[in-house]
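Chemist: The following block contains the structure, expressed as structure tokens.
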Amino acid sequence: MSTATETIEGFVKQEYKYGFYTDVEADSAPPGLNEDIVRLISRKKNEPEFLLEWRLKAFRHWQTMTEPHWPKVKYPPIDFQKICYYSAPKKRGDGPKSLDEVDPKLLETYEKLGIPLRERERLAGVAVDAVFDSVSVGTTFKETLAAKGIIFCSFSEAVHEHPELVRKYLGTVVPYTDNFYASLNSAVFSDGSFCYIPKGVRCPMELSTYFRINAANTGQFERTLIIADEGSHVSYLEGCTAPMRDENQLHAAVVELISLDRAEIKYSTVQNWYPGDEQGRGGIFNFVTKRGVCKGRNSKISWTQVETGSAITWKYPSVILQGDNSAGEFYSVALTNNYQQADTGTKMIHIGKNTRSTIVSKGISAGHGQNSYRGLVKIQKSAENSRNFSQCDSLLLGDKCGAHTFPYIEVKNTTSSVEHEATTSKIGEDQIFYCNQRGLATQDAVNLIVNGFCKEVFKELPMEFAVEAQKLLGVSLEGSVG
Amino acid sequence: MLEIRNLHAGVEGRDILKGVDLTINAGEVHAVMGPNGSGKSTLAAILAGREGYDVRQGEVLYNGVDLLEMDPEERAREGVFLAFQYPVEIPGVNSTYFLKAALNEIRKHKGLPELDAMEFLSLVKEKMKILELREDFLKRPVNAGFSGGEKKRNEIFQMAVLEPKLAILDETDSGLDIDALKTVAEGVNRLKKPDNAQLIITHYQRLLNYIVPDVVHVLFDGRIVRSGTRELALELEEKGYDWIVKHEAVPA
Numbered sequence: 026m027s028t029a030t031e032t033i034e035g036f037v038k039q040e041y042k043y044g045f046y047t048d049v050e051a052d053s054a055p056p057g058l059n060e061d062i063v064r065l066i067s068r069k070k071n072e073p074e075f076l077l078e079w080r081l082k083a084f085r086h087w088q089t090m091t092e093p094h095w096p097k098v099k100y101p102p103i104d105f106q107k108i109c110y111y112s113a114p115k116k117r118g119d120g121p122k123s124l125d126e127v128d129p130k131l132l133e134t135y136e137k138l139g140i141p142l143r144e145r146e147r148l149a150g151v152a153v154d155a156v157f158d159s160v161s162v163g164t165t166f167k168e169t170l171a172a173k174g175i176i177f178c179s180f181s182e183a184v185h186e187h188p189e190l191v192r193k194y195l196g197t198v199v200p201y202t203d204n205f206y207a208s209l210n211s212a213v214f215s216d217g218s219f220c221y222i223p224k225g226v227r228c229p230m231e232l233s234t235y236f237r238i239n240a241a242n243t244g245q246f247e248r249t250l251i252i253a254d255e256g257s258h259v260s261y262l263e264g265c266t267a268p269m270r271d272e273n274q275l276h277a278a279v280v281e282l283i284s285l286d287r288a289e290i291k292y293s294t295v296q297n298w299y300p301g302d303e304q305g306r307g308g309i310f311n312f313v314t315k316r317g318v319c320k321g322r323n324s325k326i327s328w329t330q331v332e333t334g335s336a337i338t339w340k341y342p343s344v345i346l347q348g349d350n351s352a353g354e355f356y357s358v359a360l361t362n363n364y365q366q367a368d369t370g371t372k373m374i375h376i377g378k379n380t381r382s383t384i385v386s387k388g389i390s391a392g393h394g395q396n397s398y399r400g401l402v403k404i405q406k407s408a409e410n411s412r413n414f415s416q417c418d419s420l421l422l423g424d425k426c427g428a429h430t431f432p433y434i435e436v437k438n439t440t441s442s443v444e445h446e447a448t449t450s451k452i453g454e455d456q457i458f459y460c461n462q463r464g465l466a467t468q469d470a471v472n473l474i475v476n477g478f479c480k481e482v483f484k485e486l487p488m489e490f491a492v493e494a495q496k497l498l499g500v501s502l503e504g505s506v507g
Numbered sequence: 696m697l698e699i700r701n702l703h704a705g706v707e708g709r710d711i712l713k714g715v716d717l718t719i720n721a722g723e724v725h726a727v728m729g730p731n732g733s734g735k736s737t738l739a740a741i742l743a744g745r746e747g748y749d750v751r752q753g754e755v756l757y758n759g760v761d762l763l764e765m766d767p768e769e770r771a772r773e774g775v776f777l778a779f780q781y782p783v784e785i786p787g788v789n790s791t792y793f794l795k796a797a798l799n800e801i802r803k804h805k806g807l808p809e810l811d812a813m814e815f816l817s818l819v820k821e822k823m824k825i826l827e828l829r830e831d832f833l834k835r836p837v838n839a840g841f842s843g844g845e846k847k848r849n850e851i852f853q854m855a856v857l858e859p860k861l862a863i864l865d866e867t868d869s870g871l872d873i874d875a876l877k878t879v880a881e882g883v884n885r886l887k888k889p890d891n892a893q894l895i896i897t898h899y900q901r902l903l904n905y906i907v908p909d910v911v912h913v914l915f916d917g918r919i920v921r922s923g924t925r926e927l928a929l930e931l932e933e934k935g936y937d938w939i940v941k942h943e944a945v946p947a
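Just so you know, the protein sequences line up as chains A and B, in that order. Residues in the first sequence are numbered consecutively from 26, following the working numbering. Residues in the second sequence are numbered consecutively from 696, following the working numbering.
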């Protein structure tokens, strides 16, 4: 058709920059899943008995379950016996005690991804836990954080160093029976990040985990657990990339957040898993369960996500508002291009009195992309005087993509209020022409409009991530003026 | 500045312009009048470079250069400005940011340094006075939720900031009440300079009470059938377009 439409369609077709593969010797389990594999993973990690038992219970439960088919996504059946459930870069001797002992190839990989781990090049103000396939390869700024009593380490390390905390909180927000992929994760999860902020401590830097899938035919099943004790505060970031491959790869993570009295957790994600090529070949299946519980009074949990990658995204970062006066937030930008599909949204479960939740979801569809918002706002009888505000906006680029909204609302008392607003718009040729006529090139015009559309969500991201998110969408920062 | 020679153009196989000739020099204000369907807006759209029109014959020179070969944004950067009949809403995009981006594109093109936020803001505040705009205007998204009158005022405000060489005003008077019409016309008059030109496209004479053109052209059935002074517009107002139709058979 016209040049404007072509440019609109071509706009997000930037090459995937993180598609390289690192050639490291890997220690992998044979493909397939049975109790022996679960035991093997647990043994490799030298886990205490309670955890193995938990994994086995999860595995047995998983076997009784069937895959969910309610999301508005289409994909060929997954053969769970063909996936390899454990892959780790081969360790030198006993494994790295400090980052100096980490395989230089791995450090190089993270440098290429823009995440320097070496002491002198570290990102100022951000502590990073780097997870490569199934294991954490290193965590920066551990000592600085330890001085404040903050625990930030790989999940495996937490199992050994702080088993009481792991045992107390693991599976309390997302039980191993929760859903098909959460159960699978509970059985075979290999690593992830663990974070504990003690009472009254404000974490002095951003904590972040950088996930990298490297090995082929491997699933990544990480598990993150963050506990913010009374009156504490933490901001946590998560980034993800994977090599370009023609086969689909499964990523089924679980994230659990626990916010006690007056504590606040801000969790931000920039998800850029390999999305597949222009014809829709390859890409990550991103089937993730993320949930937080505002357990204490006046506590708060805020999710911000920018989802640009993955062939399929299926996730609903949710908040259970249990404590009185607690607050939950969900800010999301999801972009689907080419043949990408996203079915994403949130659940806000109001239990405590005077609880508040805010949902702002921005879906951008381009190419043949299909983008669905699915959200549940549930206000229980006990949640008197609660409030929810939801806003779901969709932006269409081109005429072959789709946007869908599935809001579910349940209110069981008469003192609460729920608001839902939704809009769908299309970048029109008349908008592009208007911008052209004022001197702006079409690419800049599209960037301007997309960026304006996402502004409300971007402003929720920590500085470093806001920049990365904008780069991802191929847009320049708007809003520094006026 | 602008030379249109024997311009034939149309849309989807339909002829709309059937040989338009028009020359505008720097410092001049021209008005093109005509009944509905005479091709006024097509002329404006072709000059600004909107897609979907085929030019079948003739040429348009802008300062001696083939205008039709240029992309719309190039024309804009070279100083061609179209005040839209129906200004487009761009939700989410802040007016100030939009206009700053536009101005800096034009400045870059001219080899001038880009303005920073502070410099831009002081320029904009100056120009806002001309159009009697309120300050909160700058914080709103481009045209989103504006009334018809506000949109038209915004067009002229943008014109004031971008300082074009050739401004084409496409039915800027439509939908304006008399007070808004005066404000807009006054704005346009203040922007008139010896080195720029204005092309006013209108159906009615009333705008020309406030913006006095040097030349008035009557566009009828895709051709300029009559050109004259301001009196022509008044005569047209009095006698109606039928008067032209009757005389159209007679070669001018």
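All residues carry an ideal CB built from backbone N, CA and C; glycine is no exception.
1) Quick check for students: name the residue ranges of the alpha helix (DSSP H) that lie wholly in the stretch 431-475 of chain A, counting only runs of 4 or more.
2) Taking the alpha carbon of Gly453 of chain A as the point to measure from, which residue in B:Ile719, B:Glu746 and B:Thr878 has its own alpha carbon closest?
3) Report yes if the CB atom of Gln780 of chain B is closer than 8 Å to the CB atom of Ser736 of chain B, and no otherwise.
4) Quick check: Gly334 of chain A and Gln296 of chain A, are their CB atoms within less than 8 Å of each other?
5) Residues of chain B with a CB under 9 Å from the CB of Ala466 of chain A: which are they?
6) Among the candidates A:Ser382, A:Asn323, A:Gln304 and A:Ala277, whose CA atom is the shortest distance from the CA of Phe312 of chain A?
7) Chain A beta carbons: is any one of them nearer than 8 Å to that of Gln893 of chain B?
8) Give the list of continuous alpha helix (DSSP H) stretches no shorter than 4 residues that lie fully inside the stretch 712-737 of chain B.
9) Would you mind stating whether Tyr292 of chain A and Ser327 of chain A have Cβ atoms separated by less than 8 Å?
10) In the DSSP assignment, find the unbroken beta strand (DSSP E) run with Thr338 of chain A in it and report its ends.
11) Kindly list the residues whose CB is nearer than 6 Å to the CB of Gly744 of chain B, restricted to its own chain and excluding five residues on each side of it in sequence; keep chain order.
12) How long is the line joining the alpha carbons of Leu818 of chain B and Lys320 of chain A, rounded to whole angstroms?
13) If you draw a straight line from the C-alpha of Leu502 of chain A to the C-alpha of Glu332 of chain A, how long is it?
14) Is the separation between the beta-carbon of Arg248 of chain A and that of Asn210 of chain A shorter than 8 Å?
15) What does a CB cutoff of less than 7 Å around Ala947 of chain B pick up in its chain, not counting 5 residues either side in sequence?
16) So if I threshold CB-CB distances at 7 Å, which residues from the stretch 369-398 of chain A count as touching chain B?
17) Check this for me: beta carbons of Gly554 of chain A and Gln365 of chain A, under 8 Å apart or not?
18) So what's Asn204 of chain A in DSSP terms, helix, strand or just coil?
19) Based on the DSSP output, what are the partners of Asn21 of chain A in its beta bridges?
20) Check the C-beta distance from His725 of chain B over to Pro859 of chain B and give it rounded, since I have them as a contact under 8 Å.
21) For the beta strand (DSSP E) holding Ala704 of chain B, just list the boundary residues, first then last.
22) Measuring straight from C-alpha to C-alpha, what distance separates His912 of chain B and Tyr792 of chain B?
23) Please confirm whether Gly256 of chain A has its beta-carbon closer than 8 Å to some beta-carbon of chain B.
24) Determine the closest residue to Ser351 of chain A out of A:His375, A:Ala359 and A:Thr361, with distance taken between C-alpha atoms.
25) Is the Cβ of Val960 of chain B closer than 8 Å to any Cβ of chain A?
26) Report buried or exposed for Glu821 of chain B, applying the criterion of at least 16 other Cβ atoms within 10 angstroms of its Cβ.
27) Say whether chain B places a C-beta atom closer than 8 Å to the C-beta of Phe483 of chain A.
28) Using a Cβ-Cβ cutoff of 9 Å, what residues of the stretch 903-936 of chain B are near chain A? List them in chain order.
29) Rank A:Gly477, A:Leu360 and A:Phe205 by C-alpha distance to the C-alpha of His94 of chain A and give the top, closest one.
30) Using a Cβ-Cβ cutoff of 9 Å, what residues of the stretch 774-795 of chain B are near chain A? List them in chain order.
31) Could one say the Cβ of Gly806 of chain B lies closer than 8 Å to chain A's Cβ atoms, at least one of them?
32) Taking the alpha carbon of Ile483 of chain A as the reference point, which residue from A:Glu289, A:Gly423 and A:Lys387 has its own alpha carbon closest?
33) Using three-state DSSP, classify Trp328 of chain A as helix, strand or coil.
34) Are Ser419 of chain A and Ser390 of chain A touching if we call contact CB-CB under 8 Å?
35) Using 8 Å as the cut-off, can you tell me whether the stretch 715-735 of chain B makes contact with the stretch 868-876 of chain B, which would need three or more C-beta pairs spanning the two stretches below that distance?
36) Would you mind sorting Leu948 of chain B into buried or exposed? The rule is 16 or more other CB atoms within 10 Å of its CB.
Modeler: Reading it off the structure:
1) Entirely contained in the stretch 431-475 of chain A, the alpha helix (DSSP H) runs reaching 4 residues are, in chain order, 454-462.
2) Looking at the Cα atoms, B:Glu746 is the closest of the given residues.
3) A contact, by the Cβ cut-off of 8 Å.
4) Going by beta carbons, Gly334 of chain A and Gln296 of chain A fall inside the 8 Å limit.
5) What Ala466 of chain A touches in chain B: Asp766, Glu768 and Glu800.
6) If we check each option's Cα against that of Phe312 of chain A, A:Ala277 comes out closest.
7) The beta carbon of Gln893 of chain B sits no closer than 8 Å to any beta carbon of chain A.
8) Along the stretch 712-737 of chain B, the alpha helix (DSSP H) does not occur as any fully enclosed run of 4 or more residues.
9) The answer is yes: Cβ separation under 8 Å.
10) Its beta strand (DSSP E) spans residues Ile337 to Lys340.
11) Result list for Gly744 of chain B: Pro767 and Arg770, in chain order.
12) The alpha-carbon atoms of Leu818 of chain B and Lys320 of chain A are separated by roughly 53 Å.
13) Bear in mind that a pLDDT of 26 at Leu502 of chain A, under 50, signals an unreliable position, so the number given afterwards is only what the model happens to contain. Distance between the alpha carbons of Leu502 of chain A and Glu332 of chain A: 18 Å.
14) Yes, these two residues count as a Cβ contact at 8 Å.
15) Low confidence applies here, because Ala947 of chain B scores a pLDDT of 43, under 50, leaving its location unreliable; read the following figure in that light. Taking Ala947 of chain B as the centre and dropping the five residues before and after it, the same chain places the C-beta of Val920 and Arg921 closer than 7 Å to its C-beta, in chain order.
16) Listed by position, the residues of the stretch 369-398 of chain A near chain B (Cβ gap below 7 Å) amount to none.
17) The shown model of chain A, from 26 to 507, leaves out residue 554 of chain A, and the question about it has no answer.
18) Asn204 of chain A falls in the coil class under three-state DSSP.
19) Here chain A covers residues 26 to 507 and nothing more, so residue 21 of chain A does not appear.
20) About 15 Å; that fails the 8 Å criterion.
21) Run containing Ala704 of chain B: Leu697 to Val706, per the beta strand (DSSP E) assignment.
22) The alpha-carbon atoms of His912 of chain B and Tyr792 of chain B are separated by roughly 38 Å.
23) Taking Cβ atoms only, chain B never reaches closer than 8 Å to Gly256 of chain A, which makes this a no.
24) Nearest C-alpha to Ser351 of chain A: A:His375.
25) Chain B is shown from 696 up to 947; residue 960 of chain B falls before or after that span and cannot be answered.
26) By the 16-neighbour rule on beta-carbons within 10 angstroms, Glu821 of chain B is exposed.
27) Chain B, which has no Cβ nearer than 8 Å to the Cβ of Phe483 of chain A, makes this no.
28) Those residues of the stretch 903-936 of chain B that come within reach of chain A (Cβ to Cβ, closer than 9 Å) do not exist; the list is empty.
29) Measuring from the Cα of His94 of chain A, the nearest candidate turns out to be A:Phe205.
30) Against chain A - using a Cβ distance shorter than 9 Å - the residues of the stretch 774-795 of chain B are Val775, Phe776, Leu777, Phe779, Tyr781, Pro782, Val783, Glu784, Ile785, Pro786, Gly787, Val788, Asn789, Ser790, Thr791, Tyr792, Phe793, Leu794 and Lys795.
31) For Gly806 of chain B, the nearest beta carbon of chain A is not closer than 8 Å to its own beta carbon.
32) One point to set straight first is that residue 483 of chain A is Phe, not Ile, in the sequence displayed. Relative to the Cα of Phe483 of chain A, the nearest Cα in the group A:Glu289, A:Gly423 and A:Lys387 belongs to A:Lys387.
33) Here Trp328 of chain A carries a strand assignment [DSSP, helix/strand/coil].
34) Yes, the pair counts as a contact, with Cβ atoms nearer than the cut-off.
35) Touching, no.
36) Here chain B comprises residues numbered 696 to 947, so residue 948 of chain B is not present and cannot be evaluated.
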